[in-house]
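These notes are about the structure you will find just below.
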Amino acid sequence: MARDGSFYSYIMASESGVLYVGVTNNLAVRVGQHKEKLVLGFTSQYNVTKLVWYEPHSEAGAAIVREKEIKGWRRSKKVRLIEERNPTWHDLSLGPPPSPSRHCERSLRSEESLLGSEGKRDPSLHSE
Numbered sequence: 038m039a040r041d042g043s044f045y046s047y048i049m050a051s052e053s054g055v056l057y058v059g060v061t062n063n064l065a066v067r068v069g070q071h072k073e074k075l076v077l078g079f080t081s082q083y084n085v086t087k088l089v090w091y092e093p094h095s096e097a098g099a100a101i102v103r104e105k106e107i108k109g110w111r112r113s114k115k116v117r118l119i120e121e122r123n124p125t126w127h128d129l130s131l132g133p134p135p136s137p138s139r140h141c142e143r144s145l146r147s148e149e150s151l152l153g154s155e156g157k158r159d160p161s162l163h164s165e
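The sequence shown maps to residues 38 to 165 in our numbering.
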């Protein structure tokens, strides 16, 4: 977890997909508290233990504003935000997500198979 700013807005998730949006000035400690269920309440009740998104901020006010903005979103918009940077919902507290995924590798191979030796699409393999 990078420490680019002194404050963070973040999203945690459970294995079943329950989301929690929070703000902190020490991401590593706060994530540890969620994982160890040291704070009674929503995250301990719903087993919300995976850090799936975070954003550093240089000022507490900016982190709080972002947290409140995200909390106001529909779930679908929160999911899009997570999946822009973390499509596999990897626990970011364990390090960056693996890249590229096997799915991406298959997609790249499929795309390459549609291209001829000069990088042009083979019309017999592709319909428009």
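Don't be surprised by glycine CBs; every beta carbon is placed ideally from N, CA and C.
Since this is a predicted model, take the numbers as computed values, not measurements.
Check                                                                         : Outcome
Neighbour-count burial assignment, TYR45, 16 or more Cβ in a 10 Å radius      : buried
The alpha helix (DSSP H) enclosing LEU17, as first and last residue numbers   : For residue 17 there is no data in the structure shown, the boundaries of the chain being 38 and 165.
Limits of the beta strand (DSSP E) - the one that VAL60 falls within          : 56-61
GLU120 in three-state terms, based on DSSP                                    : helix
Cβ pair TRP110, ILE48 closer than 8 Å                                         : no
Rounded Cβ spacing between ALA50 and VAL76 (contact assumed at less than 8 Å) : The Cβ separation is near 16 Å, so there is no contact.
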